[in-house]
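Following: one structure in C-alpha cells, then a few remarks.
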Amino acid sequence: QITLKESGPTLVKPTQTLTLTCTFSGFSLSTSGLGVAWIRQPPGQALEWLALIYWNDDKRYSPSLESRLTITKDTSRNQVVLRMTNMDPVDTATYYCVHTIEVFYYFDYWGQGTLVTVSS
Amino acid sequence: DIQMTQSPSSLSASVGDRVTITCRASQSISIYLNWYQQKPGKAPKFLIYAASSLQSGVPSRFSGSGSGTDFTLTISSLQPEDFATYYCQQSYSAPYTFGQGTNLEIK
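Residue numbers (the working numbering), protein chains in the order written: chain A, 1 to 120; chain B, 121 to 227.
This is the structure:
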C-alpha cells in the first residue's frame, strides 16, 4: 500500500524559504521508473504542478518557478524534500506530495496535503 | 507550456444523468491525458490515464476518450458521490499542466 505524507511549517513569512518534506511508504525511489512530484493548490483555485524527481535523480521544474525551487531525495529514508525560496503571499496554498510513474507520468497516489500560509 | 482548457467550468446535473466534460490542449498531446476527481477538503483522486484507461477500482460508469487536442470525460449515470470537481492534466511534456477544473453540482 502506497502512502505519502507532507510535513513542514504551516506559516511562513514573506521572503523566507519554505522547506517541505514528503515521507512515503509502499515503494522505493531506487525502483526504475518511479518518481515523486509536488503539486500545489491555492484556496479555491486549480492545481499547479511544481516539480518532480525520478528514481535516477533526474529532475523537472515548472519554468515559472524554477529559479526558486529545489527538489531532492533521500532514498534511504524514503523522503523527498522541496525547497522554495523567497516566499510571497501568492504562494499560500495546499501543497501535495504525489507518486508518479515514468511511463505515462500520471499522479496516482496523493498525500493528504499541507496548507502553507504566507503572511507577516 | 501546454495550456489545458476545460469546459464547462461548472455544470448542474441530476442523479442518473449522463454528463460529459471536455478538455482541450493548446497543442497535440497524443493520448497523454489524465483525469482526476476532487471533493472539497480532500486530495484529488486519480481516475483515468492515457485518455481512456480506467484506473483500478474506478467505477465503470466513468469513461474517457480522445486524442491529439480534444478529450472528454463521461459519467454514464451520475451517482450522489460523483458530485465533485474534475481536472484534466497533460503528461505529454513538462510542465505537466492541469485544466482549470469543472465543478459538477447537484441540480
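Glycine included, C-beta positions come from ideal geometry on N, C-alpha and C.
Asked	Found
Determine the burial state of S64/A: buried for a count of at least 16 other Cβ atoms within 10 Å of its Cβ, exposed for fewer.	exposed
Rounded to the nearest angstrom, what separates G188/B and T194/B at their Cα positions?	18 Å
Which residues in chain B have a C-beta closer than 7 Å to the C-beta of Q16/A? List them in chain order.	Within chain B, no residue comes near Q16/A; the closest Cβ sits about 24 Å away, beyond 7 Å.
Among the candidates L52/A, A46/A and G44/A, whose CA atom is the shortest distance from the CA of C97/A?	L52/A
Go ahead and pull the three-state DSSP assignment for R40/A.	strand
May I have the straight-line CA-CA distance separating R77/A from Y95/A, to the nearest angstrom?	21 Å
Using beta carbons (cut-off 7 Å, strictly below), is Q147/B in contact with chain A?	no
Which runs of the alpha helix (DSSP H) fall wholly inside the region 138-221 of chain B and span at least 4 residues, in chain order?	none
Three or more beta-carbon pairs under 8 Å between the region 15-28 of chain A and the region 69-87 of chain A, yes or no?	yes
So, is the C-beta of G221/B closer than 7 Å to a C-beta in chain E?	Although the question refers to chain E, the structure presented lacks it and instead comprises the protein chains A and B.
For V135/B, name the three-state secondary structure that DSSP assigns.	coil
Taking a Cβ distance cut-off of 7 Å, strictly less, list which residues of the region 18-37 of chain A are near chain B, in chain order.	none
Within 7 Å (strictly less), CB to CB, does F182/B reach chain A?	no
Could you name the residues of chain A that F166/B contacts, counting a contact when the two beta carbons are closer than 7 Å?	Y106, F107 and D108
Helix, strand or coil: how does DSSP classify D91/A here?	helix
Would you kindly report the start and end of the unbroken beta strand (DSSP E) that includes E48/A?	E48 to Y54
Within 10 angstroms of the Cβ of Q199/B, are there 16 or more other Cβ atoms? Answer buried if so, exposed if not.	exposed
Closest to C208/B by C-alpha separation, out of G177/B, C143/B and L224/B, would be which residue?	C143/B
Contact defined as beta carbons within less than 8 Å: I believe W110/A pairs with P164/B. What is the distance between those atoms, to the nearest angstrom?	6 Å
So which residues of chain B does A93/A contact, with C-beta pairs closer than 7 Å?	Within 7 Å Cβ-Cβ: nothing; A93/A doesn't reach chain B, min ~13 Å.
Quick check on the DSSP output: the beta strand (DSSP E) that includes V120/A runs from which residue to which?	Reading the sequence as shown, one finds Ser at residue 120/A and not Val. Element bounds for S120/A: n/a, residue is neither H nor E.
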